[in-house]
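*Asks:* So that you can map any letter, position 1 of the first sequence is 7 in our numbering, and since no number is skipped, the others follow by simple counting.
From the three backbone atoms N, C-alpha and C, an ideal C-beta is built for every residue, glycine too.
Take this structure first; my questions come after.
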Amino acid sequence: MPELPEVEAVCRRIRRGAEGQLIASARILRPGITLPQSSAETEETLAGRRIGKVWRRGKNILIGTSGAGEDRVLRIHLRMTGNLVLFKDARLVPPAARMVLEFPDRSGLVFTDSRALGRVHLHSLAELESILAELGPEPLSRQFTVQWLAAAASACGQPAKLFLMDQSRIAGLGNIYAAEALFQAGIHPGKRMKTLRMPKIGALHAAIVDILRRAVKVTAAEYRRPGYWGGEEWDFPLRVYGRKGEPCLVCGSKIRSMRQGGRSTYYCPRCQR
DNA sequence: CACAATACCTGCTAGC
DNA sequence: TGCTAGCAGGTATTGT
């Protein structure tokens, strides 16, 4: 489910309560989530370590830890339904809890994930660096410029929607925000990247940055509520995603949907060419 | 190589 | 009411 703004919101929500905490015990309640790493080994390594910095890269949540031996980083990917929540009592945890990091006072950080597609991995700093090197630039960083996007686009024959969702090109966009960015820029999702010219490239860059900034702002506020997510509410106002058959908010044409890369894409046939 | 299909999972909903 | 097909905000792997 979560894309960059939701992952950012989760980081901000847990940061205050998690940073600096001692992990008294770690329990992996669903062994598959650590594959190909061993869940028993993950539990053993984490126990007795202290949580350092919590940060994010693309859709990866990164939790630094220190203790016996070298520093390790816990990398959590929420995939479709994952979430991280701080619990007052880590023994009273919901059925979808997949990992529990319990602190000395019995409170804890809990990874919930109904579909169990999310992943938890423990890395050395060197290992983490090489994994993150596979990701494209952060769209809200200085790295992500119009010039960079123009250069990346000119070398790419992919349809625009697939380009935006490819984490090795830009890190953090997913199905919803990619669709929304293309709508805002007036670009058809099937448009080949290398056929885009300058005013459109600029519009796409501006749309990505604008939408993600606004979504982070709105979503981060909502995610302070610990139970948030589970509900169907989507706080960022969506203009095309999920609106098949409804009128375009700009021109009134019926929003259409198509399949791309096995996923549903929504677009306005008149505004997006 | 690029691209498409499928596997991974559970839960919800629309339609019968 | 109860069943089922289809679909879900993601990504790694397999197949063409």
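Go ahead and label Thr201 buried or exposed: buried means 16 or more other beta carbons lie within 10 angstroms of its beta carbon, across all protein chains shown.
*Replies:* Here Thr201 is exposed: its Cβ has fewer than 16 other Cβ atoms, across all protein chains shown, within 10 Å.
*Asks:* Ile34: which of Arg112, Arg125, Ser45 sits nearest, CA to CA?
*Replies:* Per the Cα distances, Ser45.
*Asks:* Could you give the distance in angstroms between the alpha-carbon of Phe169 and the alpha-carbon of Lys206?
*Replies:* 15 Å
*Asks:* Grouping DSSP H, G and I as helix and E and B as strand, with all else coil, what is Arg21?
*Replies:* helix
*Asks:* Could you give the DSSP three-state label for Glu108: helix, strand or coil?
*Replies:* strand
*Asks:* Mind checking who Ile67 pairs with in its DSSP beta bridge?
*Replies:* Arg62, Ile82
*Asks:* For a minimum of 3 consecutive residues, which ranges assigned as the beta strand (DSSP E) are wholly contained in the stretch 105-179?
*Replies:* 114-119, 125-130
*Asks:* At the level of alpha carbons, what is the spacing between Cys277 and Gly58?
*Replies:* When rounded, the distance between both Cα atoms is 47 Å.
*Asks:* Helix, strand or coil for Met7 per DSSP?
*Replies:* coil
*Asks:* Does Gly236 pass the burial test, meaning 16 or more other C-beta atoms within 10 Å, or should it be called exposed?
*Replies:* With a pLDDT of 39 at Gly236, under the threshold of 50, the predicted position of this residue should be treated as unreliable, and no value is reported.
*Asks:* Using a Cβ-Cβ cutoff of less than 6 Å, which residues in the same chain neighbour Leu84 once the five nearest sequence positions on both sides are dropped?
*Replies:* Pro8, Gly124
*Asks:* Which value, in whole angstroms, describes the spacing of the CA atoms of Ile176 and Thr151?
*Replies:* 11 Å
*Asks:* What's the gap between the Cα of Pro232 and the Cα of Val13?
*Replies:* Residue confidence is low: Pro232 scores 48 on pLDDT, short of 50, so the model does not pin down where it sits. No coordinate-derived value is stated.
*Asks:* Does Arg279 pass the burial test, meaning 16 or more other C-beta atoms within 10 Å, or should it be called exposed?
*Replies:* exposed
*Asks:* Alpha carbon to alpha carbon, how far is Gln149 from Pro17? Give it in angstroms, no decimals.
*Replies:* Checking the displayed sequence, the identity of residue 17 turns out to be Cys instead of Pro. So the alpha carbons of these two residues sit roughly 22 Å apart.
*Asks:* Whose CA, out of Glu47, Gln27, Arg265, Ile39, lies closest to the CA of Pro165?
*Replies:* Arg265
*Asks:* Grab the span of the alpha helix (DSSP H) containing Gln190 for me, first residue to last.
*Replies:* 181-191
*Asks:* Measuring CA to CA, which of Ile261, Leu244, Phe117 is closest to Gly251?
*Replies:* Ile261
*Asks:* What's the gap between the Cα of Arg22 and the Cα of Ala161?
*Replies:* 42 Å
*Asks:* For Val99, which of helix, strand or coil comes out of DSSP?
*Replies:* coil
*Asks:* Please say whether Ile217 and Tyr183 have beta carbons closer to each other than 8 Å?
*Replies:* yes
*Asks:* Starting from the Cα of Ala213, find the closest Cα among Ile29, Gln190, Val99 and give me that residue.
*Replies:* Gln190
*Asks:* Any idea what DSSP makes of Ile261, helix, strand or coil?
*Replies:* coil
*Asks:* Applying the criterion that 16 or more other CB atoms from any shown protein chain within 10 Å of the CB defines a buried residue, is Pro100 buried or exposed?
*Replies:* Within a 10 Å sphere around the beta-carbon of Pro100 sit fewer than 16 other beta-carbons, which makes this residue exposed.
*Asks:* For Ala139 versus Met199, is the C-beta spacing smaller than 8 Å?
*Replies:* Met199 sits away from Ala139, with the two beta carbons spaced by 8 Å or more.
*Asks:* Spell out the partners DSSP gives Gly88 in its beta bridges.
*Replies:* Per DSSP, Asp119.
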